[in-house]
Amino acid sequence: MSPPRISGFNYVRPLGAGGFAQVYQYEQDMPRRVVAVKVLDEDLATPSSRSAFEAEADAMARLSSHPTIVSIFAASVSSDGRPYIAMEYCPESMRNRSKGNPSPLHEVLDAGVRLAGALETAHQSGVLHRDIKPSNVLIATTGRPMLADFGIVSLRGQMRGEGTSRAMSIPWAAPEVVTEQTSGTIASEVWSLGATLYTFAAGRSPFARPVGSQETESRLVERIKRAHYKPVPGAQGYEAFDRVIARALAQRPEQRYASMREFGEALQQLQRHYGFDATPLDVVGSAWVPPAATVAGVRGPVVSTVQAEGRAKRRSELADRLRADEGPKRRSGSSSLKPVLIGAASALAVLAAAAAVFGLMGGF
Numbered sequence: 001m002s003p004p005r006i007s008g009f010n011y012v013r014p015l016g017a018g019g020f021a022q023v024y025q026y027e028q029d030m031p032r033r034v035v036a037v038k039v040l041d042e043d044l045a046t047p048s049s050r051s052a053f054e055a056e057a058d059a060m061a062r063l064s065s066h067p068t069i070v071s072i073f074a075a076s077v078s079s080d081g082r083p084y085i086a087m088e089y090c091p092e093s094m095r096n097r098s099k100g101n102p103s104p105l106h107e108v109l110d111a112g113v114r115l116a117g118a119l120e121t122a123h124q125s126g127v128l129h130r131d132i133k134p135s136n137v138l139i140a141t142t143g144r145p146m147l148a149d150f151g152i153v154s155l156r157g158q159m160r161g162e163g164t165s166r167a168m169s170i171p172w173a174a175p176e177v178v179t180e181q182t183s184g185t186i187a188s189e190v191w192s193l194g195a196t197l198y199t200f201a202a203g204r205s206p207f208a209r210p211v212g213s214q215e216t217e218s219r220l221v222e223r224i225k226r227a228h229y230k231p232v233p234g235a236q237g238y239e240a241f242d243r244v245i246a247r248a249l250a251q252r253p254e255q256r257y258a259s260m261r262e263f264g265e266a267l268q269q270l271q272r273h274y275g276f277d278a279t280p281l282d283v284v285g286s287a288w289v290p291p292a293a294t295v296a297g298v299r300g301p302v303v304s305t306v307q308a309e310g311r312a313k314r315r316s317e318l319a320d321r322l323r324a325d326e327g328p329k330r331r332s333g334s335s336s337l338k339p340v341l342i343g344a345a346s347a348l349a350v351l352a353a354a355a356a357v358f359g360l361m362g363g364f
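Going by full-length UniProt numbering, the letters in the sequence shown line up with residues 1 to 364, in that order.
Structure follows, in structure tokens:
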């Protein structure tokens, strides 16, 4: 498709194309800078699809404040009616760099810690990426890895009116995703990051056949479902790395790292084990997350991907707040609120506090 005319941007050249979007390089007039513009093939024919696009763009822009997430500069609709997102220009992707060419271990671990911090921040905000893979890990002009395309999969599903949306980049998808048991969880994202890091280290995805072998999608899916981990081929001294990645690629979700923070900390321990400097695990605190009341009304596609684990945790934290009297709060594994005997005035105060907390969280 021809590049659209966009006010304030001058077309430079094409950058690439995906299953449902075209990417072009433009130059922004003010402030003057080079940007990448992703133009979606879907149209905004209905108010609901436009609302989904606006909510998605807002959510992506909030997340892009993280240093390892590609920055979003603008989002709108071109003169010919195609929705677009203007974002930070990254000249290369890790897919091109690592395809058939293993990356040095120190680069793999550095990228892993940075990406884990970005994903932990997103998960704490109730957001799933849904399509973690090497081609969505870009390389900034500074050389650092950047995670792109947050929520693009969800956006496509919402704009098409689909109840759920799936990212089926099969070589990096978890067993429960390729078998369509779920469209995504924290555990499946841990798997996808582990598979992506393996690809960086090995030059091919963890369950792909060696280059030159016959491969079919059905056979690849069967190997992913069995999840029999094989160490990085031809690597010397990677035993510790293989142990960490093997846990991330465990067949059963509960056997994987419980969170991206835990996975990132394991990768930091690997850096120390190999004598590398530990990369900071950048996780933006909860104070950074904008009030849910801002987004609760629109319930955009990214905002609505809150995990079951996240819901349970929030219910538990709300229960703790309501039960707390004085002294430190105690954690509870239950998501139900036990009745307490309090005076009428205290009851009203507790109910008001609960309503306020529920409003800030945007509901369960």
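The beta-carbon is built from N, C-alpha and C at its ideal position, and this holds for glycine as well.
Since the structure is predicted, the reported quantities are computational estimates derived from the model, not experimental observations.
Assigned exposure category for residue i - 16 Cβ within 10 Å defines buried
| i | result |
| --- | --- |
| Asn136 | buried |
| Lys230 | exposed |
| Asp58 | buried |
| Pro4 | buried |
| Arg252 | exposed |
| Pro134 | buried |
| Ser125 | buried |
| Ser169 | buried |
| Ser213 | exposed |
| Glu113 | Here residue 113 is Val; the residue named in the question, Glu, does not match the sequence. Looking at its Cβ environment, which holds 16 or more other Cβ atoms inside 10 Å, Val113 is buried. |
| Ala258 | exposed |
| Ala45 | exposed |
| His123 | buried |
Coil, strand or helix - residue i by DSSP
| i | result |
| --- | --- |
| Met30 | coil |
| Arg114 | helix |
| Leu128 | coil |
| Val70 | coil |
| Leu44 | coil |
| Pro134 | helix |
| Ala140 | coil |
| Phe53 | helix |
Cβ pair residue i, residue j closer than 9 Å
| i | j | result |
| --- | --- | --- |
| Asp242 | Ala118 | no |
| Gln22 | Asp41 | yes |
| Lys225 | Pro175 | yes |
| Phe9 | Val35 | yes |
| His273 | Ala240 | yes |
| Ser71 | Met87 | yes |
| Val284 | Thr121 | yes |
| Val244 | Ala266 | yes |
| Glu217 | Arg209 | no |
| Arg261 | Ala111 | no |
| Pro14 | Tyr24 | yes |
Spatial neighbours of residue i in its chain, beta-carbon cut-off 6 Å, leaving aside the 5 residues before and after
| i | result |
| --- | --- |
| Phe150 | Met60, Leu63, His129 |
| Tyr84 | Val37, Val39, Ser78 |
| Val108 | Leu197, Phe200, Ala201 |
| Val177 | Ser188 |
Own chain residues within Cβ distance below 8 Å of residue i, not counting five before or after
| i | result |
| --- | --- |
| Ser205 | Pro171, Trp172, Ala195, Tyr198, Thr199 |
| Pro328 | Any reading at Pro328 needs caution, since the residue's pLDDT is 36, under 50, leaving its predicted position unreliable; the model's value is listed next. Taken in chain order, the list of residues that qualify is empty. |
Discussion item. Going residue by residue through the stretch 172–219, where are the continuous beta strand (DSSP E) segments of at least 3 residues, counting only ones entirely within it?
Written reply: none
Worksheet entry | Complete runs of the beta strand (DSSP E) confined to the stretch 76–112 [at least 3 residues] | 83–88
Practice prompt. Please go through the stretch 228–294 and give each complete alpha helix (DSSP H) segment of 4 or more residues, from N-terminal end onward.
Written response: 239–248, 260–273
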